[in-house]
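What follows is a single structure, written as C-alpha cells, with notes after it.
Number of protein chains: 2
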Amino acid sequence: MGEADGAQSVTAALVVIGDEVLSGRTKDKNIGHIAERLTGVGIDLREVRVVADVEDDIVAAINALRRRFTYVFTTGGIGPTHDDITADAVAKAFGVPIDVDPRARALLLEYIPEKDLNEARLRMARIPAGASLVVNEVSKAPGFRIENVIVMAGVPRIMQAMLEAVLPELEKGVPMLSETLLADAKEGDIAAPLKEIAARFPDVAIGSYPFRDEKGEPNAHLVVRSRDPQVLAAARDAVAQMLAQRDWAG
Amino acid sequence: MGEADGAQSVTAALVVIGDEVLSGRTKDKNIGHIAERLTGVGIDLREVRVVADVEDDIVAAINALRRRFTYVFTTGGIGPTHDDITADAVAKAFGVPIDVDPRARALLLEYIPEKDLNEARLRMARIPAGASLVVNEVSKAPGFRIENVIVMAGVPRIMQAMLEAVLPELEKGVPMLSETLLADAKEGDIAAPLKEIAARFPDVAIGSYPFRDEKGEPNAHLVVRSRDPQVLAAARDAVAQMLAQRDWAG
Numbered sequence: 001m002g003e004a005d006g007a008q009s010v011t012a013a014l015v016v017i018g019d020e021v022l023s024g025r026t027k028d029k030n031i032g033h034i035a036e037r038l039t040g041v042g043i044d045l046r047e048v049r050v051v052a053d054v055e056d057d058i059v060a061a062i063n064a065l066r067r068r069f070t071y072v073f074t075t076g077g078i079g080p081t082h083d084d085i086t087a088d089a090v091a092k093a094f095g096v097p098i099d100v101d102p103r104a105r106a107l108l109l110e111y112i113p114e115k116d117l118n119e120a121r122l123r124m125a126r127i128p129a130g131a132s133l134v135v136n137e138v139s140k141a142p143g144f145r146i147e148n149v150i151v152m153a154g155v156p157r158i159m160q161a162m163l164e165a166v167l168p169e170l171e172k173g174v175p176m177l178s179e180t181l182l183a184d185a186k187e188g189d190i191a192a193p194l195k196e197i198a199a200r201f202p203d204v205a206i207g208s209y210p211f212r213d214e215k216g217e218p219n220a221h222l223v224v225r226s227r228d229p230q231v232l233a234a235a236r237d238a239v240a241q242m243l244a245q246r247d248w249a250g
Numbered sequence: 001m002g003e004a005d006g007a008q009s010v011t012a013a014l015v016v017i018g019d020e021v022l023s024g025r026t027k028d029k030n031i032g033h034i035a036e037r038l039t040g041v042g043i044d045l046r047e048v049r050v051v052a053d054v055e056d057d058i059v060a061a062i063n064a065l066r067r068r069f070t071y072v073f074t075t076g077g078i079g080p081t082h083d084d085i086t087a088d089a090v091a092k093a094f095g096v097p098i099d100v101d102p103r104a105r106a107l108l109l110e111y112i113p114e115k116d117l118n119e120a121r122l123r124m125a126r127i128p129a130g131a132s133l134v135v136n137e138v139s140k141a142p143g144f145r146i147e148n149v150i151v152m153a154g155v156p157r158i159m160q161a162m163l164e165a166v167l168p169e170l171e172k173g174v175p176m177l178s179e180t181l182l183a184d185a186k187e188g189d190i191a192a193p194l195k196e197i198a199a200r201f202p203d204v205a206i207g208s209y210p211f212r213d214e215k216g217e218p219n220a221h222l223v224v225r226s227r228d229p230q231v232l233a234a235a236r237d238a239v240a241q242m243l244a245q246r247d248w249a250g
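In order, the protein sequences belong to chains H and D.
Going by full-length UniProt numbering, 6 is the number at position 6 of the first sequence; the sequence numbering is gapless.
Going by full-length UniProt numbering, 76 is the number at position 76 of the second sequence; the sequence numbering is gapless.
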C-alpha cells in the first residue's frame with residue numbers, strides 16, 4: 001500500500017543473523033515480535049534482512065541500513081561460541097576497536113562464577129568502543145547499542161528482555177492505528193471500489209489479505225491504517241459502506 | 001559459521017513483499033518453509049529481505065539480489081487488489097513491458113467464469129514480457145518466472161504449490177547434510193574445544209544453538225553441516241568425542 005505518511009516517522013530495520021534461519025532448521029520468531037512491538041510504539045519497521053553468519057554479509061547489511069533508517073536492530077550471534085561473530089562485525093561496520101568491556105564483564109560475573117569466566121564466555125563481554133550496554137535480566141550477558149544500531153540476542157526470551165530494556169530510550173513516533181474489516185466477499189469482486197477508496201484517502205494505507213473461510217470460500221481481511229484517528233475512521237467507514245452495499249460492478 | 005564450501009553451490013535469495021509482515025499483523029510462515037525446502041534440494045538460501053509494498057523498495061531488492069544469487073524468489077503482492085504491485089515492480093526491475101498475458105488469462109478462466117473476469121481479476125494475469133508461468137492448482141492464478149527471478153503468491157498454501165511447480169526446472173546443488181548433537185553442556189564450557197574442531201574442519205560448518213532444557217538448565221544443540229558425508233561423519237565424531245570427554249579446560 002505504500003508509504004502513506006513519511007514526513008516525521010521514526011523508522012527501523014532489522015537484521016536477523018543466523019545460518020539456522022536460512023537453512024530452515026530454526027523457524028524465526030523474532031521478526032513477528034519485533035514488528036508488532038515497534039509498530040505499537042510508533043516505530044515503523046521498514047525492512048528486515050536475514051543474513052548468514054558471514055562477517056562481510058553482516059557488515060554490508062548493517063552499513064546499508066543504518067544510514068537509511070532511524071534505528072537498526074540485530075538479533076543473533078552474540079553468544080560464546082566461534083560462530084558468534086556479530087559484535088566483531090558491528091565493530092568493523094563502524095570502524096571502531098572491540099575488546100572486553102569492564103561493564104559487560106561485571107554483568108557476566110553476576111551470573112557466572114569468576115572461575116568459570118573463561119575466554120569463550122568473555123567473548124560475550126566484547127563490546128565495540130563507544131557502545132552502551134543493553135541489559136537483560138534473563139541471562140545477564142548484555143546486548144549493546146552503538147549510535148543507531150541495537151544489537152540483541154537471538155534466543156527469543158533474551159531478545160525480548162533486551163528490546164524492553166532499550167525501548168524507553170528510543171525516539172518514538174505517532175503509532176500507526178489500524179482497523180480490520182472482514183470483507184465477506186471475494187477480493188476480485190471488491191477490488192475496484194476498494195481501489196477507488198484508496199485513491200480517495202491517499203494518506204491511508206489500505207491492505208487486502210485473502211484467506212479461505214471454514215467452508216473453503218475465498219474471503220479477505222481489509223486492513224485500514226493511518227496515524228490520524230479521524231482520517232482512519234472516515235476511511236474505515238467508507239470501506240464498511242462499500243462492503244455493505246454489495247452491488248460492486250464487475 | 002561462514003561459508004564452508006562455496007565453489008559450485010547453487011544459491012538463492014528470498015524477497016518477502018508485505019506491509020502486513022512488517023507491521024506484525026501477519027506472522028510470516030513462508031521463510032521457514034522455503035528455507036527448508038531449498039536446503040533439501042541443495043539450493044542454499046543465502047539472504048532474505050522483507051520489504052514493504054512500495055514499488056521502489058521491491059525494485060531495489062530484486063535488482064540487488066538477482067545479480068548475486070542463482071535464483072531470487074519473491075512471495076506476496078500478486079493478487080487482484082490495488083496493493084498488489086509485485087508484477088509491475090518486477091517488470092520495472094527488468095525494464096520490460098507488462099500486460100495481460102493470454103496464457104495467464106486462460107488459466108484464470110479455468111477457475112473464474114468469464115462474466116466475473118473483471119479488470120481487477122485480470123490484474124492477476126498481468127505478466128512481464130518474456131516470463132514463463134508458474135502454475136498452481138490451488139487458485140489457478142499463476143506466478144511467473146523471468147530469468148532467475150521466481151514470483152510466487154503470499155498465501156502459504158498457494159506459494160507452496162508454486163514452489164513445487166517450479167522446483168523441477170531449477171538447477172540443484174549437492175544438498176547440505178547436517179547432523180545435530182545434543183551438547184548436554186553449557187555453550188561457554190565447550191566453546192574452546194568446539195572452536196578447535198571448527199578450525200580442524202574448515203570445510204564443515206559447525207553451529208551452536210543454546211536453549212534451556214525442561215529443568216531450566218542451559219544446554220545447546222550443535223549442528224554440523226557439510227555436503228560431503230565422509231567429512232561430515234568425521235567432524236560429527238570429533239564433536240561427539242569432545243562432548244563425551246567432559247574434561248573441557250576452562
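Where a beta carbon is used, it is the ideal one built from N, C-alpha and C, also for glycine.
Within chain D, the residues 32 have their CB atoms less than 7 Å from the CB of residue 27 of chain H, given in chain order.
For residue 204 of chain H, same chain residues with a beta-carbon under 8 Å away, outside a window of 5 residues either side, are 4, 198, 224, 225, 226, 231, 232 and 235 in chain order. Of the candidates H:173, H:51 and H:87, H:87 places its Cα closest to the Cα of residue 127 of chain H.
In the structure shown, the three-state DSSP call for residue 143 of chain H is strand. Interface annotation, residue 161 of chain H: not in contact with chain D, CB-CB separation never under 8 Å. Proximity of the region 114–134 of chain H to the region 45–58 of chain H falls short of the contact definition, fewer than three beta-carbon pairs being nearer than 8 Å. Taking a 10 Å sphere around the C-beta of residue 18 of chain D, we find 16 or more other C-beta atoms and assign the residue as buried.
Taking a cut-off of 8 Å on C-beta distances, the region 158–177 of chain D touches the region 26–45 of chain D, as three or more cross pairs fall below it. Within the region 152–182 of chain H, the beta strand (DSSP E) runs of at least 3 residues that lie entirely inside it are, in chain order, 177–182. C-alpha of residue 221 of chain H to C-alpha of residue 105 of chain H: approximately 50 Å in a straight line. Separation of residue 49 of chain D and residue 10 of chain H (C-alpha to C-alpha, rounded to the nearest whole angstrom) is 20 Å.
Residue 149 of chain D is outside the set of residues whose beta carbon lies under 8 Å from a beta carbon in chain H.
Spanning the alpha carbons of residue 243 of chain D and residue 186 of chain D requires a straight line of approximately 11 Å.
No residue range can be given for residue 247 of chain H, since it is assigned to no beta strand (DSSP E) and is classified by DSSP as neither H nor E. Nearest CB-CB separation between residue 81 of chain H and chain D: below the 8 Å threshold. Taking a beta-carbon distance threshold of 8 Å, residue 206 of chain H counts as an interface residue toward chain D. At a cut-off of 8 Å, the C-beta of residue 210 of chain H has a neighbouring C-beta in chain D.
Residue 80 of chain H is a Cβ neighbour of residue 123 of chain H, given a cutoff of 8 Å.
Taken in chain order, the members of the region 120–148 of chain D whose beta-carbon sits within less than 7 Å of a beta-carbon on chain H are 120 and 121. Note: residue 218 of chain H is bridge-paired with H:212 in the DSSP secondary-structure output. Between residue 152 of chain D and residue 74 of chain D, the CB-CB gap stays under 8 Å.
In the DSSP assignment, residue 187 of chain H falls within the alpha helix (DSSP H) that extends over 187–200.
Residue contact with chain H for residue 23 of chain D: present (Cβ-Cβ distance below 8 Å to some residue of chain H). Contact between the region 114–121 of chain H and the region 175–190 of chain D is present, with at least three C-beta pairs closer than 8 Å.
If you look at residue 75 of chain D, you'll find it in the beta strand (DSSP E) that goes 71–75. At least 8 Å separates the beta-carbon of residue 33 of chain H from that of residue 142 of chain H. If you draw a straight line from the Cα of residue 212 of chain D to the Cα of residue 125 of chain D, it is about 50 Å long.
Against chain H, a Cβ distance below 9 Å from residue 219 of chain D picks out nothing, because the smallest value is about 12 Å.
Scanning H:158, H:210 and H:166 for the CA closest to the CA of residue 180 of chain H turns up H:210. The beta carbon of residue 89 of chain D sits no closer than 8 Å to any beta carbon of chain H. In the three-state reduction of the DSSP assignment, residue 107 of chain H falls in the helix class. In this structure, DSSP gives residue 86 of chain H a helical state, which the three-state scheme calls helix.
Per DSSP, reduced to three states, the secondary structure at residue 67 of chain H is coil, with no helix or strand assignment.
Residue 129 of chain D sits in coil when the DSSP states are folded into three classes, being neither helix nor strand.
Just so you know, the alpha carbons of residue 114 of chain D and residue 100 of chain D end up roughly 15 Å apart. Under the three-state reduction of DSSP output, residue 93 of chain D falls in the helix class.
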